[in-house]
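The listed protein sequences correspond, in order, to chains B and Z. Counting with my numbering, you get residues 1 to 582 for the letters of the first sequence. Counting with my numbering, you get residues 1 to 298 for the letters of the second sequence. No residue lacks a Cβ here, since even glycine has one placed at the ideal position from N, Cα and C.
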Amino acid sequence: MAVAPAPGALSRQALRSLALVECGSVWTHAALFGMAEGHCRLLARADAATTLTPPQADITVGLRNALAAIEQITGRRLISQGAIISPETDSGDGVDGLGLIVSAGGPLRVMMLGPGIDLWGPGVRRALATLAATPSLAPGLAAADFPLFQMDGASAQAAPHALLVLAPDPADLATPQGRASFEAALAQALALDAGTGAPAIVVMGDATAQAVARQALGGREAIAVEPRSPTHPGSLAATLAHLYDQAVLGALPGMARARALASAPPLSATGALGRVARFVAQRYAMNVLSVDVGATSTIALGATAQGNLLTTLVPLAGVRLGAGAVLRQAGADAITRWLPFALPESDLRVAVAQLMLHPQSLPVTPAELALDHALAREALRLAMEQGAAPGGVGDLPQIDVIMGTGGVLANAPRLGEAALMLLDTVQPRGVTSLVLDVARIATALGCASQLDPTAAADAVDMDALVMQLGVCVSTAGAPPAGEPAVRVVLEYADGRRHTADVLAGSIELLPLGVGQQARLMLFPAPGVDVGKGPGERAQTGEPVEGGRLGVVIDARGRPLALPRDAAQRRARLSQWLAAVAR
Amino acid sequence: MQSRIFPAGWPVRRAVEITRERLLPEDGHGVVLVAENDPVEPDQAIAQGADGSPPVVAGLRGRVARVVPQRGAVVTGQVALAQGLAGFGPEACGPLVLWPLGSIIAPTVVTPGSIVAIPGALTPDIYEHVTLGNAAGIFAANASPDFITALTGTECTALLDGTLPPVTPPPIAVVLAHGFGPRLPGREIWQLLAECAGALALLTPATNVLRGQRPELIISAPLAAGAPRSPATGTTTLDSGAAVWVVGGDHDGATGRIARVLQSTQVMPSGIRVHAARVALDIGGEITLPLANLQRVG
Numbered sequence: 001m002a003v004a005p006a007p008g009a010l011s012r013q014a015l016r017s018l019a020l021v022e023c024g025s026v027w028t029h030a031a032l033f034g035m036a037e038g039h040c041r042l043l044a045r046a047d048a049a050t051t052l053t054p055p056q057a058d059i060t061v062g063l064r065n066a067l068a069a070i071e072q073i074t075g076r077r078l079i080s081q082g083a084i085i086s087p088e089t090d091s092g093d094g095v096d097g098l099g100l101i102v103s104a105g106g107p108l109r110v111m112m113l114g115p116g117i118d119l120w121g122p123g124v125r126r127a128l129a130t131l132a133a134t135p136s137l138a139p140g141l142a143a144a145d146f147p148l149f150q151m152d153g154a155s156a157q158a159a160p161h162a163l164l165v166l167a168p169d170p171a172d173l174a175t176p177q178g179r180a181s182f183e184a185a186l187a188q189a190l191a192l193d194a195g196t197g198a199p200a201i202v203v204m205g206d207a208t209a210q211a212v213a214r215q216a217l218g219g220r221e222a223i224a225v226e227p228r229s230p231t232h233p234g235s236l237a238a239t240l241a242h243l244y245d246q247a248v249l250g251a252l253p254g255m256a257r258a259r260a261l262a263s264a265p266p267l268s269a270t271g272a273l274g275r276v277a278r279f280v281a282q283r284y285a286m287n288v289l290s291v292d293v294g295a296t297s298t299i300a301l302g303a304t305a306q307g308n309l310l311t312t313l314v315p316l317a318g319v320r321l322g323a324g325a326v327l328r329q330a331g332a333d334a335i336t337r338w339l340p341f342a343l344p345e346s347d348l349r350v351a352v353a354q355l356m357l358h359p360q361s362l363p364v365t366p367a368e369l370a371l372d373h374a375l376a377r378e379a380l381r382l383a384m385e386q387g388a389a390p391g392g393v394g395d396l397p398q399i400d401v402i403m404g405t406g407g408v409l410a411n412a413p414r415l416g417e418a419a420l421m422l423l424d425t426v427q428p429r430g431v432t433s434l435v436l437d438v439a440r441i442a443t444a445l446g447c448a449s450q451l452d453p454t455a456a457a458d459a460v461d462m463d464a465l466v467m468q469l470g471v472c473v474s475t476a477g478a479p480p481a482g483e484p485a486v487r488v489v490l491e492y493a494d495g496r497r498h499t500a501d502v503l504a505g506s507i508e509l510l511p512l513g514v515g516q517q518a519r520l521m522l523f524p525a526p527g528v529d530v531g532k533g534p535g536e537r538a539q540t541g542e543p544v545e546g547g548r549l550g551v552v553i554d555a556r557g558r559p560l561a562l563p564r565d566a567a568q569r570r571a572r573l574s575q576w577l578a579a580v581a582r
Numbered sequence: 001m002q003s004r005i006f007p008a009g010w011p012v013r014r015a016v017e018i019t020r021e022r023l024l025p026e027d028g029h030g031v032v033l034v035a036e037n038d039p040v041e042p043d044q045a046i047a048q049g050a051d052g053s054p055p056v057v058a059g060l061r062g063r064v065a066r067v068v069p070q071r072g073a074v075v076t077g078q079v080a081l082a083q084g085l086a087g088f089g090p091e092a093c094g095p096l097v098l099w100p101l102g103s104i105i106a107p108t109v110v111t112p113g114s115i116v117a118i119p120g121a122l123t124p125d126i127y128e129h130v131t132l133g134n135a136a137g138i139f140a141a142n143a144s145p146d147f148i149t150a151l152t153g154t155e156c157t158a159l160l161d162g163t164l165p166p167v168t169p170p171p172i173a174v175v176l177a178h179g180f181g182p183r184l185p186g187r188e189i190w191q192l193l194a195e196c197a198g199a200l201a202l203l204t205p206a207t208n209v210l211r212g213q214r215p216e217l218i219i220s221a222p223l224a225a226g227a228p229r230s231p232a233t234g235t236t237t238l239d240s241g242a243a244v245w246v247v248g249g250d251h252d253g254a255t256g257r258i259a260r261v262l263q264s265t266q267v268m269p270s271g272i273r274v275h276a277a278r279v280a281l282d283i284g285g286e287i288t289l290p291l292a293n294l295q296r297v298g
């Protein structure tokens, strides 16, 4: 495993069991891992409502409820007199370690300003993303241009936790204009400080810039960060991590008690998912895109085979508390276009508002489920759009694997629905593997790797925790009229062949079950690209692995275009769903 | 003003002891007009801002538990409490007045400074009538998002998640007990309000779904001798016999009682598999619903 153990990592010899708890904004998920025949296995998992709000207003209540549900399933006592039983007892009660993941509380809200945004921006955004933080950049903000007022609307109720003032390049700072623009940014930070409570001020720049800042800020305390290079923002990551710990985690009711129960410092969901994505990418030497659509936020992580991690987090875009933000950003038409039935905009607004007011509710009717899936598609699309910025997942050179996690994907009644949500929004090209975190423990595994990297690797290998949906071939471009988009030949291990001509605009499943292998040959029509260029044939070097859906041939084209006519569009959506319904 | 530092949590509480911080705004300083252990009435001023802004009133009948220098006081008292789902505008304190059921226009019921409880949808016509009557607040069953957006000048979902403040803040407090869309008024809430008509009430509309902040109506009603009192900490457990509201599905907004919690997971019409309960609806019939879609009442 590539991820280095954290300081709190347990020794391999000592490890017999691990409890991992993820406290989300709406649900708290618990998983119990134990040793069996020398390997770490998933023993049980359970959910409970997160209890940050009244009447409990204590994060540990939901944590204990989730662990109590595990106790009920396994008959193994985990809690005694309010404390975690640790280490594991001879009778098999308790656990050797408790890992904690916290995504409740949201991200660290950082507002960047200053003339150094162009210079340090990409490196800073990477550091912010790694910390589950997000920059709140006012639109149009650029060097020597400070329309910070645009932030004020949000700042009235969602003030930034930190104001990050970026100094210009040292050569620019030496000029009167450069110094003036930096001082103007510092003055703006002071003005924002007075209006929004007391966010931390972080000044990023060299020693000269820090001296200018001290003078300009007067007695106002500021944190100094000296970048090493435009791509390395020095101690910024550590500084912001400290602020995240204090300002976000520290504000959660009961967090101090939750920390006391855990065996290691809490991880953010982004951090935990990043560890899993990196592990899978390095273990299988592939580029992995991992997406997590949650109740409040959506995360897209790109991990390369070389160990790089690209993170995009949309802090307010989800299927419950973040549903209103999706509606506002994407628009009603963008959401309703995914529904197989007509829904007036006024009814959509009522439905979205009610989802926000009842975040724990589950879809009971097919219409409610369809709305959940439509919101998930748009939340994910927003994340992919945002990820096109430098340092985001858009920098992933080629997507080999798409891994979906989060309740709306994992709880999809039919696997084909989850696959369609991923394909409709990520819109991969060429050959891609689709996998789904059906057990909803991807973040738990990331946390496990903090406590025992080998155990986490064991669990991935032994329990097939991430379900292989299948290999997907996506086409781009249009074939000549009357011709299929691509002819697909599957040559099975026993020599049998399965040939299918797939029409443009359609999606089909070809048979290749779990554990089966076949050689995949693709013969696209002229003008159709299966990843090798228009009209170029392709053949996999190694046999491809089967999955629960088999081989998915997505010949709907890229970018995916939905019919403009509402009736045709609904008919097409229904066809696609029926084609992959498993 | 912050008023939900010590929130209660259950949608309807007939008699419960609560504690509320009653303070001047964070950036405001003034004179505190009460001392520790002083008895207070709901409409009694307890702090006066230095800038001449309206005083902070106690909001509930009880006593001063603690004085916060220059800001106000923490007040404790026995009250009836109804939680809402969404609210907008400034907080309000005044006598509770019931809008007659089924009435579209009822001019005589709107008295200046009152809090008008409307057992149905808040429509533009009713809103206009209530504001023209100089009422201080409205506690209604529901409203349409379009109306709230038009009223505040801000997309209503942005108000709910606190992303944007109202462009045109409503001049009076508006709280929706059941949120948006045509949802029926909950019997428990409206029965309680009917019993408490005329009593002084505090309506705090502050709402932020990301922080779990909900609006509430605190009624300082004189308790009848021997009236049942709610325990200070109620249960939120869903078990047989519990009174519940249904969230979502074809029976959204219906009330009933849990007939039994099912041991095995169930498949809903949507296809998802859930932990579920059988619920006997007050309107008749028994249905299976996810536990996650049941909200315990009282």
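CB contact below 8 angstroms: residue i versus chain B
i: Z/Cys196; result: no
i: Z/Phe180; result: yes
i: Z/Ser53; result: no
i: Z/Asp239; result: no
i: Z/Ala158; result: yes
i: Z/Leu210; result: yes
i: Z/Ser144; result: yes
Residue i versus the options, residue with shortest Cα-Cα distance
i: Z/Leu164; options: Z/Ile172, Z/Glu155, Z/Pro95; result: Z/Glu155
i: B/Ala530; options: B/Arg487, B/Thr74, B/Thr499, B/Leu509; result: A small correction: the amino acid at residue 530 of chain B is Val; Ala does not occupy that position in the sequence shown. Ranking the options by Cα distance to B/Val530, first place goes to B/Arg487.
i: Z/Pro290; options: Z/Val12, Z/Gly113, Z/Leu262; result: Z/Leu262
i: B/Ala260; options: B/Arg582, B/Ser449, B/Ile84; result: B/Ile84
i: B/Gly331; options: B/Ile299, B/Arg381, B/Val293; result: B/Arg381
i: B/Asp372; options: B/Leu509, B/Pro107, B/Thr296; result: B/Thr296
i: B/Ser17; options: B/Leu423, B/Leu451, B/Gln575; result: B/Leu451
i: Z/Pro237; options: B/Arg564, B/Ser474, B/Ala48; result: Reading the sequence as shown, one finds Thr at residue 237 of chain Z and not Pro. That would be B/Ala48, whose Cα lies nearest to the Cα of Z/Thr237.
i: Z/Thr19; options: Z/Ala58, Z/Arg273, Z/Glu26, Z/Pro11; result: Z/Ala58
Minimum Cβ-Cβ distance from residue i to chain Z less than 8 angstroms
i: B/Gly324; result: yes
i: B/Glu88; result: no
i: B/Asn411; result: yes
i: B/His358; result: yes
i: B/Ala353; result: yes
i: B/Ala142; result: With a pLDDT of 26 at B/Ala142, under the threshold of 50, the modelled position of that residue is not reliable, and no figure is offered here.
i: B/Gly106; result: yes
i: B/Arg349; result: yes
i: B/Leu368; result: Note that residue 368 of chain B corresponds to Glu in the displayed sequence, not to Leu. Yes, B/Glu368 counts as interfacial toward chain Z.
i: B/Thr304; result: no
i: B/Gln568; result: no
i: B/Pro563; result: no
i: B/Arg582; result: no
Pair within 8 angstroms by beta-carbon distance, residue i and residue j
i: B/Ala485; j: B/Leu503; result: yes
i: B/Ala455; j: B/Leu15; result: yes
i: Z/Ile219; j: Z/Leu96; result: yes
i: B/Gly97; j: B/Ser80; result: no
i: B/Leu166; j: B/Trp120; result: yes
i: B/Pro253; j: B/Asp58; result: yes
Any C-beta of chain C under 8 angstroms from that of residue i
i: B/Leu577; result: Protein chains B and Z are contained in the structure displayed, whereas chain C is not.
**Message:** Just to confirm the assignment: which complete alpha helix (DSSP H) runs, minimum length 4, are found wholly within the stretch 169-234 of chain B?
**Reply:** 170-173, 176-195, 207-217
**Prompt:** Looking at C-beta atoms only, is the number of pairs between the stretch 560-568 of chain B and the stretch 479-486 of chain B that lie closer than 8 angstroms three or more?
**Reply:** no
**Sequence ranges, alpha helix (DSSP H) only - wholly within the stretch 108-156 of chain Z, length at least 4** = 124-132, 145-152
**Request:** Please confirm if the stretch 85-95 of chain Z is in contact with the stretch 136-147 of chain Z, defined as three or more CB-CB distances below 8 angstroms between the two stretches.
**Result:** yes
**Item:** Secondary structure, alpha helix (DSSP H): runs of 4+ residues fully inside the stretch 170-220 of chain Z
**Value:** 187-195
**Request:** Identify every run of the alpha helix (DSSP H) within the stretch 326-355 of chain B, keeping only runs that are complete inside it and at least 4 residues long; order them along the chain.
**Result:** 332-336
**Item:** Three CB pairs or more closer than 8 angstroms across the stretch 430-441 of chain B and the stretch 502-518 of chain B
**Value:** no
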